[in-house]
Amino acid sequence: MTRDELKTYLDSNYSDKIRPLDTGRYDLIYEINAENLFSFAKAIAEDENLKFDYICNIGGSDTGENLEAVYSVASVSKKLRLDFKVILPYENPEIESVQKVWKGANWHEREMWELFGINIKNHNDLKCFLLPEDWNQGHPMRKDWDAPDFVRFPEL
Amino acid sequence: MGLIKKVPVYSEKIPGGGIICTSLEQVLHFGQAKSLWYLLFGTACCAIELMCTGASRYDFDRLGMMFRATPRQSDLIIAAGTITKKMAPRLRKLYDQMAEPRYVIAMGGCTIKGGPFYYDCYSVEKGIDHIVPVDIYIPGCPPRPESLLEGCLKLQDKIQKQKLSDWQEK
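Going line by line, the protein sequences match chains A and B.
Residue numbers for the first sequence, in the numbering used here: 1 to 156.
Residue numbers for the second sequence, in the numbering used here: 157 to 326.
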């Protein structure tokens, strides 16, 4: 299945859950609502034509207007790649864990939780991953983050 | 009798016997300075220079510096590399496990004041001198092996100038 065939397939079968975003010639990227995330993940992992069995990465980002959780998945057997992202508000961002679909999501979700403050529902082991165990200074990857010993680069 | 030439000032050869007169202070600190065993503690790219200094071209061993893999056999920590906030308690723990007298060399910009991670960084400790007491600072990013050797010679000088009474206060 080529990139265009994948796009056609997804648009015809999953159009109720996902909205395509324009990415030019890179991997396909879709936007998805937080409540559809788990069911969509389960569906594409179990779909016989897609078999997305591998989670490459889960990344967070702070665009300045809202938070985003970006998922990159791949299918080893069908040689496919797909990205999809969830746009979340600053107040109480919350998504469902996809650990039950891809086990590798565990560490990525812990990292996203501590660095961006995105709460993960149904995560079995939500504790600090890269930050010190007793960290209590908030979520350092947010743009408005500040701490007593944090020094911003001076304006030149 | 090569030792007599090396132990300075107060040593004196007594004619007719294999005996020298010196002070305990001199001999003790001479011995200490010439066999500084350092802890293998490389946390970032400075460790590459440390390895290079230990290898044959620069040959750390000729200063009597041997690496040890445990803090209990070491006299010196060469903190080679960035110390993150998560690593800081571990560094303190290693330092506490060493037997006195113990010394610390802060190698590279990161250990002195955060180095390139001073601005816009949430994770790096800005200087290790508020975790452990530092004897010698070696600037550079990373410092060349010559700088590290120079720093170690400076530390040897410092040790040889110590008084026995200093030990209590440390």
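Just so it is clear, CB atoms sit at the ideal spot from N, CA and C, and this is done for glycine as well.
Alpha carbon of residue i to alpha carbon of residue j, nearest angstrom
i	j	result
residue 55/A	residue 24/A	22 Å
residue 182/B	residue 316/B	7 Å
residue 127/A	residue 247/B	23 Å
residue 100/A	residue 46/A	12 Å
residue 257/B	residue 250/B	14 Å
residue 328/B	residue 274/B	Examination of residue 328/B is not possible in this model, given that chain B is present from 157 through 326 alone.
residue 259/B	residue 299/B	19 Å
residue 199/B	residue 243/B	9 Å
residue 57/A	residue 277/B	23 Å
residue 313/B	residue 255/B	20 Å
residue 192/B	residue 88/A	56 Å
residue 44/A	residue 22/A	21 Å
residue 73/A	residue 222/B	49 Å
residue 10/A	residue 42/A	14 Å
residue 401/B	residue 295/B	Beyond the ends of chain B as shown, which are 157 and 326, falls residue 401/B; an answer cannot be given.
residue 179/B	residue 220/B	22 Å
residue 265/B	residue 245/B	20 Å
residue 225/B	residue 322/B	28 Å
Cβ-based neighbour list, residue i, same chain, cut-off 7 Å, excluding 5 preceding and 5 following
i	result
residue 234/B	194, 197, 206, 261, 263
residue 153/A	none
residue 253/B	227, 228
residue 38/A	96, 98
residue 279/B	240, 241
residue 51/A	75, 77, 78
residue 185/B	315, 316, 318
Close Cβ partners of residue i (< 8 Å) along its chain, the five nearest in sequence each way excluded
i	result
residue 130/A	111, 114, 115
residue 40/A	14, 17, 18, 32, 84
residue 139/A	114, 115, 116, 117, 145
CB-CB length for residue i against residue j, believed under 8 Å
i	j	result
residue 144/A	residue 82/A	With a Cβ gap of about 31 Å, residue 144/A and residue 82/A do not count as contacting.
residue 308/B	residue 272/B	24 Å between Cβ atoms; not a contact.
residue 60/A	residue 120/A	Not quite, the Cβ-Cβ distance comes to about 11 Å (not below 8 Å), so this is no contact.
residue 103/A	residue 31/A	Actually they do not touch by this definition, with Cβ atoms about 25 Å apart.
residue 109/A	residue 123/A	6 Å
Of the listed residues the options, nearest to residue i (C-alpha basis)
i	options	result
residue 1/A	13/A, 80/A, 106/A	80/A
residue 241/B	284/B, 210/B, 268/B	284/B
residue 98/A	31/A, 53/A, 22/A, 139/A	53/A
residue 267/B	214/B, 180/B, 203/B	203/B
residue 293/B	311/B, 287/B, 280/B	311/B
residue 305/B	231/B, 210/B, 225/B, 318/B	210/B
residue 6/A	35/A, 141/A, 49/A	49/A
residue 65/A	106/A, 147/A, 142/A	142/A
residue 218/B	190/B, 180/B, 320/B	190/B
Burial state of residue i, where buried means 16 or more other Cβ atoms lie within 10 Å
i	result
residue 71/A	buried
residue 282/B	buried
residue 187/B	exposed
residue 90/A	exposed
residue 33/A	exposed
residue 157/B	Note that residue 157/B scores 47 on pLDDT, short of 50, meaning its location in the model is unreliable; the coordinates nonetheless yield the value given after this. Residue 157/B comes out exposed.
residue 75/A	buried
residue 149/A	exposed
residue 93/A	buried
residue 151/A	exposed
residue 147/A	exposed
residue 105/A	buried
Residues near residue i by beta carbon distance below 6 Å, same chain, minus five either side
i	result
residue 290/B	260, 262
residue 20/A	30
residue 237/B	198, 199, 200, 202, 203
residue 155/A	none
residue 214/B	301
Using a beta-carbon distance cut-off of less than 7 Å, what residues from the region 275-288 of chain B approach chain C? Of the protein chains in this structure, namely A and B, none is chain C.
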